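Residue numbers (my numbering): 1083 to 1381.
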């Protein structure tokens, strides 16, 4: 296994305010995971941190996206950091933050070669800005990194698309709405809803993905984990709750297959909001499961 480097991106730039004058609490996630011993369990070679620009709840007039200019500036800095780690053959274990933290790593991957993206999320995040009620890029991250959306965000450093649309696998959505799902159904991405994942079987899904990575001779793949892919009963501390979701048994089975792949180039964890888990009950269970599975299959 490559040397693991935990990278903290404590950004909430991709979300709307939960209430007027209150920033999304997901920016506290790296410190919260430290408190609940994730860093100790992973035992990284290094811990790096890149703080984001100041949060604003005002939409950019050009793109209608919250914090658009700040997101671009932050993504450039993120990309530089992740690119350096990949060049040193290290494994970035990234802690968000909301899903907008994907921009920087995606840019870095494009700079390094041709990569896939396994997007494990309770939503597709493949939405046009015209459908967004909030203007938060957190709900558009998969779309943006595959070149769909305002050029200000999709073509940073003239590298659009950061991930080829056909190299995106969007897995775990349970927001069953035709208008919402049609965005990704009409794309070149592979879309597997939670219902379809269970129908296919987890091992069959992952085998198909890993076979595609090999058959396309991709340089590797990035794993995006939005904790809202988990069942609402075991992970309610997220900004956009939806009934159902993966059990920890399902989640651990799925991630264990991905963690075993030598093509896995890095991963990110997003959306868990410490403000919504005051006792730490749900965070403790998550840390136990993700670290145990990661350590078991990467050592």
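Every residue, glycine too, gets a C-beta built ideally from N, C-alpha and C. All figures in this text were calculated on a predicted structure; none of them were measured in a lab.
Listed in chain order, the non-local C-beta contacts of residue 1118 below 7 Å within the same chain comprise 1362, 1365, 1366, 1369, local neighbours out to five positions each way being set aside. Cβ contact annotation for residue 1159 (same chain, cutoff 8 Å, sequence separation greater than five): 1132, 1186, in chain order.
For residue 1195, same chain residues with a beta-carbon under 6 Å away, outside a window of 5 residues either side, are 1301 in chain order. Residue 1379: member of the alpha helix (DSSP H) spanning 1363 to 1380, first to last residue. Within the same chain, Cβ atoms closer than 6 Å to the Cβ of residue 1307 are found at 1202, 1351, the five residues on either side in sequence being excluded. A direct Cα-Cα distance of roughly 25 Å separates residue 1272 from residue 1174. Taken through DSSP and simplified to helix, strand or coil, residue 1320 comes out as coil.
Excluding five sequence positions before and after residue 1251, the CB atoms of its chain that fall closer than 6 Å to its own CB belong to 1200, 1272, 1291, given in chain order. Distance check between residue 1110 and each of 1371, 1355, 1166 places 1355 closest, using alpha-carbon atoms only.
If you compare the alpha carbons of 1313, 1146, 1344 with that of residue 1293, the shortest gap goes to 1344. Taking 8 Å as the cut-off, the Cβ atoms of residue 1257 and residue 1205 count as close. In the three-state reduction of the DSSP assignment, residue 1162 falls in the helix class.
Here DSSP, grouped into helix, strand and coil, assigns residue 1193 to helix. Apart from the 5 residues on each side of it in sequence, residue 1214 sits with its Cβ closer than 7 Å to the Cβ of 1221, 1222 in its chain, given in chain order. Under the three-state reduction of DSSP output, residue 1347 falls in the strand class. In this structure residue 1232 is in contact with residue 1211, their Cβ atoms being roughly 7 Å apart against a cut-off of 8 Å. DSSP places residue 1118 outside any alpha helix (DSSP H), giving it a letter other than H or E. Listed in chain order, the non-local C-beta contacts of residue 1262 below 8 Å within the same chain comprise 1206, 1209, 1213, local neighbours out to five positions each way being set aside. For the options 1374, 1309, 1279, 1168, the alpha carbon positioned closest to that of residue 1346 is the one of 1168. Residue 1360 is classed as exposed because its beta carbon has fewer than 16 other beta carbons within 10 Å across all chains shown. The Cβ atoms of residue 1288 and residue 1328 lie no closer than 8 Å to each other. Look at residue 1205 here: in three-state DSSP terms it is coil, with no helix or strand label.
Contact annotation: residue 1106 and residue 1100 have beta-carbon atoms nearer than 8 Å. Straight through space, the alpha carbons of residue 1179 and residue 1113 are spaced by roughly 11 Å. Per DSSP, the unbroken alpha helix (DSSP H) holding residue 1337 starts and ends at 1330 to 1341. Buried is the label assigned to residue 1149, since at least 16 other Cβ atoms lie within 10 Å of its Cβ.
Counting the other Cβ atoms within 10 Å of the Cβ of residue 1127 gives fewer than 16, which makes it exposed. If you look at residue 1286, you'll find it in the alpha helix (DSSP H) that goes 1284 to 1297.
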